[in-house]
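Each remark here refers to the structure printed beneath this line.
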Amino acid sequence: MYNVQFVRDKLILSHSHNHGVCIYKSNKTIYCDIMLDELKNMIIEAKKAKEIIERSDGVIRIVSHYDADGISSAAIMVKVLTKLKKDFHLSIVKQLSTKLIEELANEEWDVILFLDLGSGQLETIERAMEGRDVIICDHHELKGNAKNIVHINPLLFGINGNISASGVTYILARTILPSDIELSELAIIGAIGDSQLDSIGNEWGLFGLNREILKEGEKSGKIKVSKGLRIWGRYSRPLHKALAYSIDPYIPGITGSESNAVQFLKDIGIEPKDKNGEWRSIKDLSEEEQKKLATEIIVERIRNRHEKPEHIFGDIYELVDREDEFRDANEFATILNACGKMGAPHLAIAICLGNSAVIKEVREIVDKYRKEIGKALDWLHEQIENNKNIRIGEAVYIFGGDAISEHIISNVISSINHSNIFPPEKPLFGFAKADEGVKISARINKSNINLKEIVERAAMECGGEGGGHERAAGATIPDGTEETFISVVENILKSLKNKKDNENINQLGNRKESKVVRSGEKRTKEAGKREKMERKGLVRYFGPK
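The C-terminal residue of the sequence shown carries number 557 in the numbering used here, and the numbering is unbroken.
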């Protein structure tokens, strides 16, 4: 675990397992006005958490995940508790194992908050921490029930998707401090880091509750929204590096290779250097050059059969108060992920809180992170070309071994998932050696398959643990149990396939037609709910009495 200690407003970065405590207390009471609408029950639960936090006069323990969403969530809560002058101790963790839950239960604290984790371990947490104040802010799928935990998860209240854990934490923060809409900046960074940017028609950006939080970011003056190329490094990277480091969108033959990126630019008539011999960045390109670049990238994606080759455009979220690479919300999210996964989440927290003293160290970590991903992608493409370390059955299995670090296996699998190299209907599983066995990352593009349930069940059969979302899940299993995991997955997928085939036979004619109509009605209803929520805005849910 990595701990962050605050003493008299001074941030002390350490890897200590000891408590870090801030010595402030406050009796100030802040209220939240709740409106009877879609968010009512979620905010009622948040209000319960608010009351627990405000009455606490001991250490408030925070445990958050080590990715961008978890780090953003932690930073939001750090800011809230600092304003409330509460004692707290923050740890950033890779995963919430049963062993860690038991260790936390043996610590001395008054209240514990789990951020971006906990919903999949409800019964274990409640059993280990019986009789103590526990709060969970999460958006992952639920496992089990807990009667004595304050559980803020949108899935419990009929809100499925379009809000991350940092968004949930922001809802709690707004419940505690209704006027602090500037915290929306961190919630948006977390949502982007959690891959919640999506497309509806030709639109690419944030939707649903994320969009409402985004509006508050714009209102606060923290975020500016524009349209442009979704390429990482628009403010800080030389153009050829921005293209070479682009994972989403993936650019065939260019992602992972700076030399190929330079040659690509020359081939399409765009000079990578200016008249003074300095490398150019995306912001230096003329409008005509940007159009040419976009066209040629789309051509490359079409040539490689990408499902949505035109999705290189979208909303660009500019963080107005930040500079250089930290000015682009997408880059900022990548930076947080890099710090978390490269063993330096304490630096990510510092950056979120505006500590410029760690920028140099952060940049070194990010460079190492991007190069490691690029190297892993190069290795994987070589394996695909030579048909090595790949197995295709009902799903696609990639065996990374030592060639892909456990910390970036999810990034690599996500990138390949976007590349359309394998059939999009087949789930993609990546395996990498880990400190605690074998790390598995799973992704799927389009299917009615629930990856979280499959991964969870297969991991359990191996004596491991798994969880996640319907289309993105992960697990850790004991070394040597990979074949057992694959066997369970294959059996489940075959069973689902046979069931679907039988249903298709039984649903011919009028039954099939009526089902399609109902499905369309459901989609229309969900879209209407989303539009209704977006139209009203979060301001209708919050405000001082």
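For each residue, glycine too, the CB sits at the ideal point set by N, CA and C.
{"query": "Beta-carbon proximity list for Glu308, same chain, < 6 Å, skipping 5 on both sides", "result": "Ile280"}
{"query": "Residue of Lys278, Arg242, Asp390, Arg67 minimising C-alpha distance to Glu343", "result": "Arg242"}
{"query": "Closest by C-alpha distance to Gly170, when choosing among Ala341, Asp122, Leu221, Pro261", "result": "Leu221"}
{"query": "Under 9 Å between C-beta atoms of Leu129 and Leu102", "result": "no"}
{"query": "Beta-carbon contacts of Ala256 that lie in its chain and below 8 Å, excluding the five residues immediately before and after", "result": "Ile266, Thr267, Gly268, Ser269, Glu270, Asn272, Ala273, Gly386"}
{"query": "Contiguous alpha helix (DSSP H) assignments of at least 4 residues, all confined to the stretch 175-201", "result": "177-188"}
{"query": "Own chain, CB closer than 7 Å to Glu384, minus 5 neighbours either side, in chain order", "result": "Ser417, Ile420"}
{"query": "9 Å Cβ cutoff met for Ile83 and Ala360", "result": "yes"}
{"query": "Bridge-paired residues (DSSP) for Phe441", "result": "Tyr409, Ala454"}
{"query": "Status (buried if at least 16 other CB within 10 Å, exposed otherwise) for Ile314", "result": "exposed"}
{"query": "Pair within 9 Å by beta-carbon distance, Asp206 and Asp79", "result": "yes"}
{"query": "Counterpart residues of Asp643 in DSSP-defined beta bridges", "result": "Only positions 13 to 557 of the chain appear in this structure, which leaves residue 643 out of reach."}
{"query": "Endpoints, beta strand (DSSP E) assigned at Val146", "result": "145-149"}
{"query": "Cα-Cα separation, Glu114 to Glu138", "result": "11 Å"}
{"query": "The stretch 403-413 contacting the stretch 340-358, beta-carbon criterion three pairs below 8 Å", "result": "no"}
{"query": "CB contact flag (Gln302, Gly240, <9 Å)", "result": "yes"}
{"query": "8 Å contact criterion, which Ile164 and Ala61 should meet: CB distance rounded", "result": "6 Å"}
{"query": "Alpha-carbon to alpha-carbon, Leu440 and Asn399", "result": "16 Å"}
{"query": "Straight-line Cα distance separating Ala350 from Pro357", "result": "9 Å"}
{"query": "Segment contact flag, the stretch 423-430 with the stretch 386-395, C-beta cutoff 8 Å, min 3 pairs", "result": "yes"}
{"query": "Start and end residues, beta strand (DSSP E) containing Ile433", "result": "Note, Ile433: premise wrong, no beta strand (DSSP E); not H, not E."}
{"query": "Neighbourhood of Trp244 by C-beta, 7 Å cutoff - its chain only, sequence neighbours within 5 removed", "result": "Ala254, Tyr257, Ser258, Asn342, Glu343, Thr346"}
{"query": "3-residue-minimum beta strand (DSSP E) runs that sit fully inside the stretch 45-128, ordered along the chain", "result": "72-77, 100-105, 123-127"}
{"query": "Delimiting residues of the beta strand (DSSP E) encompassing Glu477", "result": "477-480"}
{"query": "Selection from Gly476, Ile461, Glu468, His481 that minimises the alpha carbon distance to Lys506", "result": "Ile461"}
{"query": "Bridge-paired residues (DSSP) for Arg403", "result": "Tyr409"}
{"query": "Inter-residue Cα distance where the pair is His323 and Leu167", "result": "28 Å"}
{"query": "Neighbourhood of Ala3 by C-beta, 6 Å cutoff - its chain only, sequence neighbours within 5 removed", "result": "Within the shown structure, residues of the chain are numbered from 13 to 557, placing residue 3 beyond reach of any answer."}
{"query": "Residues near Asn503 in its chain [Cβ-Cβ closer than 7 Å; skip 5 each side]", "result": "none"}
{"query": "Segment limits, beta strand (DSSP E) that includes Gly486", "result": "484-489"}
{"query": "C-beta atoms of Gly217 and Asp327 nearer than 9 Å", "result": "yes"}
{"query": "Asp379 in three-state terms, based on DSSP", "result": "helix"}
{"query": "Residue from Asp99, Lys227, Ile456 with nearest C-alpha to Ile3", "result": "Only positions 13 to 557 of the chain appear in this structure, which leaves residue 3 out of reach."}
{"query": "Residues of its chain near His430, where Cβ-Cβ distance is below 6 Å and the 5 sequence neighbours each way are ignored", "result": "Asp260, Tyr262"}
{"query": "Under 9 Å between C-beta atoms of Gly132 and Lys159", "result": "no"}
{"query": "Test item: CB-CB of Val332 and Ile235 under 9 Å", "result": "yes"}
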